[in-house]
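Comments concern the structure below.
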Amino acid sequence: MKRVWELLFFAVFGVLSVACGEQELERAFLKLETTNLEFEAVGAAVQTVAVTSNVDWDCTMSDESRAWISVEKRTGGVAVAVADNSGVESRSGAVTLVPASPDLEPKRITVVQSGSSYTLSVEPASLSFAGEDAPAQEIAVTVGGGTLEWTVAADEACRSWVTVVRKEGTAVVTVADNPATEPRSGSVVISADVAGVGPKAVKVVQEGRVLQPSLGVDVRELHFGSRAEMLGQTVNVAAVAVDWKVVTSDTPDTSGNPVEWISIVSERDSYFIVNVETNATLEERSGYVVVTSGQDDVPDIAVAVTQEAGREFLSDLTGDAVMEDLPGGGGNLSVIPVDDWTDFRTTTWYMSLWGADLEYVKVSWPYSVGYYGSGSRLEMTIRSSVIYFNDDNEYWLPEGTYRVVTEDIYDENSREPFTVLAGSESNSVINPNGSWYYRLVEDEYVGSAPIVEGTVTVARNGEAYTLTFDFVDDAGYRITGTRTGALELKVASTPTPQPAS
4 MKRVWELLFF AVFGVLSVAC GEQELERAFL KLETTNLEFE AVGAAVQTVA
54 VTSNVDWDCT MSDESRAWIS VEKRTGGVAV AVADNSGVES RSGAVTLVPA
104 SPDLEPKRIT VVQSGSSYTL SVEPASLSFA GEDAPAQEIA VTVGGGTLEW
154 TVAADEACRS WVTVVRKEGT AVVTVADNPA TEPRSGSVVI SADVAGVGPK
204 AVKVVQEGRV LQPSLGVDVR ELHFGSRAEM LGQTVNVAAV AVDWKVVTSD
254 TPDTSGNPVE WISIVSERDS YFIVNVETNA TLEERSGYVV VTSGQDDVPD
304 IAVAVTQEAG REFLSDLTGD AVMEDLPGGG GNLSVIPVDD WTDFRTTTWY
354 MSLWGADLEY VKVSWPYSVG YYGSGSRLEM TIRSSVIYFN DDNEYWLPEG
404 TYRVVTEDIY DENSREPFTV LAGSESNSVI NPNGSWYYRL VEDEYVGSAP
454 IVEGTVTVAR NGEAYTLTFD FVDDAGYRIT GTRTGALELK VASTPTPQPA
504 S
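Start counting the sequence shown at 4; every next residue gets the next number (our numbering).
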């Protein structure tokens, strides 16, 4: 009986053992040949990962990986392919195999793709252009590592004068003429459409405009009246890349003799002023001022100078002048009192009178005076008996008859009281030499005459002077008139201490 039970136990144990073995053979599994794949950047071949499993499975990827990784489930494995990597940096992603059995963990295949080996080079590294009429130049653009798109443009520093055209393998650069004499520069920039491939800058330098030496003037003729002018006449000079000077000549070049009656009164960087002496002859005369650089390749420029024949008289009156408009006009009187420690015999007065229809305008800075309108003007230099400075600062022109005389204005001993200084050659109508008569019509001077003979009688009643004029000019014409009224007084000097003996 015991033997029977033993046989029964072993039989049952054997059956249980076989059943347990069959269950172990059917346990779920998922195995991968490799979990890492590496691909080249461009043209990488498809790689297959062998998969063994006794359960169904599927592939998943993130959106980032799906953008460049593609998979295909095949019998016995999974095929993995990648798109070309246009970047220079490597990139990585993953393919995940998810088994259908909940007892199994997903399997991950890591995919790494190397970065592109693109290169971008340019030749030459810089371009130099002439300032004017410069021909176009080319930049050779070389791309390595595959197809690479690129663009070209001038930078902001030179965009206004550089033009760039992209061609196959080259960039053609042209420049506008440089209007300045200074050089200018900028850059042409070649940029790839792939991140990580840095732009290449080609420096562009253009020379300044080369100035050819030359001379020019704004006038070729100067005409003067018979008298010297107060300010002269200005000639503007346009000098390019050359120094210059101006000389007088009796020929239209520098080979002639200097002209003594023509003078260069001022010479500056861009102009000079010409004046003449009064023509004492009764014939017209001419000469030249010649602008020269002294360089053979820059022609000299001759400016013709002509001057009217001199006149027998300084006066241009055609008949006697009666100053009927002085009553009601304006007038002022300047006095230079004398220090009481001097031995002067006279005191000098300056009298200005103008007609009722003339306006006297004075500007304090810069100081200037002028007369506008129509009418008579009279300027006189008068010598009275000596008048000393006084504490009351009151001065009156002594009454009496003053006669016109000629004197040496630089010799104090030649001055006589109760005289009027005769007019002489003068360049100024505002402050003439000696005593002069003028006539204006609508702001223009139409007549002038030096007073060389005659008298003025001075009478005073309170502040009002009565002045009676009976003058003669150098042509023999009479200049007459009477004026009664006050004169605005100006003391034109201050006392000076007596020098130590």
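Glycine residues also receive a C-beta, built at the ideal position from the N, C-alpha and C atoms.
If you're wondering where the values come from, they're calculated on a predicted model, not measured in any experiment.
- Annotation for Pro182: Arg212 place their beta carbon closer than 7 Å to its own, counting only its chain and skipping 5 residues before and after.
- The segment 99-116 and the segment 30-40 touch, with no fewer than 3 CB-CB distances between them shorter than 8 Å.
- Residue state for Glu447 is assigned as strand, using DSSP reduced to three classes.
- If you ignore the 5 residues before and after Lys206, its C-beta comes within less than 6 Å of the C-beta of Ser129 and Ser190, all in its own chain and listed in chain order.
- For Trp344, the number of other beta carbons within 10 angstroms of its own is below 16, and it is reported as exposed.
- Exposed is the label assigned to Leu214, since fewer than 16 other Cβ atoms lie within 10 Å of its Cβ.
- The segment 243-286 contains, as complete beta strand (DSSP E) runs of 3+ residues, the segments 248-252, 265-270 and 274-279 (chain order).
- Of all alpha-carbon atoms in Leu33, Glu311 and Thr257, the one lying nearest the alpha-carbon of Pro302 is that of Thr257.
- Linking Val341 to Asn416 through their CA atoms gives a straight-line distance of about 15 Å.
- Of the other Cβ atoms in all chains shown, fewer than 16 fall within 10 Å of the Cβ of Ser65; this residue is therefore exposed.
- Membership of Ser95 in the beta strand (DSSP E) is indicated by the continuous run Arg94 to Pro102.
- Pro255 and Ala305 do touch by the CB rule: their CB atoms are close to 4 Å apart, below 8 Å.
- DSSP places Glu67 within a helical segment (H, G or I) once states are collapsed to three.
- Ser289 sits in a strand when the DSSP states are folded into three classes.
- Exclusion of the five residues before and after Val74 leaves Cys62, Val81, Val83 and Val98 as the residues of its chain whose Cβ lies within less than 6 Å of its Cβ.
- Following the DSSP letters along the chain, one finds Phe227 inside the beta strand (DSSP E) bounded by residues Glu224 to Phe227.
- A distance of 7 Å or more separates the beta carbons of Ile142 and Val165.
- Between Gly313 and Ala283, the C-beta gap is smaller than 7 Å, which places the two residues in contact.
- In its chain, beyond the 5 residues on either side, Asp323, Ala324, Val325, Met326, Phe472, Asp473 and Phe474 have a beta carbon closer than 8 Å to the beta carbon of Thr483.
- Here Ile339 has Thr351, Ala495 and Ser496 as same chain residues with Cβ atoms under 6 Å from its own Cβ, once five neighbours each way along the sequence are excluded.
- Here the C-alpha atom of Gly378 lies approximately 10 Å from the C-alpha atom of Val449.
- Bridge partners of Ser217 according to DSSP: Val243.
- In terms of CA proximity to Thr499, Asn393 leads the group Asn393, Val178 and Glu382.
- Excluding the 5 residues flanking it on each side, Ala489 has same chain C-beta neighbours closer than 6 Å at Glu466 and Ala467, in chain order.
- Ala48 sits away from Ser119, with the two beta carbons spaced by 7 Å or more.
- Out of Val208, Leu317, Asp446 and Asp328, the CA that lies nearest to the CA of Gly134 is found in Val208.
- For Val176 against Ala139, the beta-carbon gap comes to about 6 Å, under 8 Å, which counts as contact.
- Nearest to Gly297 by alpha-carbon distance, out of Ser355, Gly457, Asn278 and Leu218, is Leu218.
- Taken through DSSP and simplified to helix, strand or coil, Glu415 comes out as helix.
- Note: Tyr391 is bridge-paired with Val341 in the DSSP secondary-structure output.
- Beta bridge pairing from DSSP links Pro127 with no other residue.
- In this structure, Tyr440 lies away from Ala425, with their beta-carbon atoms at least 7 Å apart.
- 7 Å or more divides the Cβ of Gly358 from the Cβ of Leu320.
- Of the other Cβ atoms in all chains shown, 16 or more fall within 10 Å of the Cβ of Thr422; this residue is therefore buried.
- Membership of Tyr353 in the beta strand (DSSP E) is indicated by the continuous run Thr349 to Trp357.
- Of the residues Met354, Tyr375, Ser355 and Thr349, the one whose Cα lies closest to the Cα of Leu361 is Tyr375.
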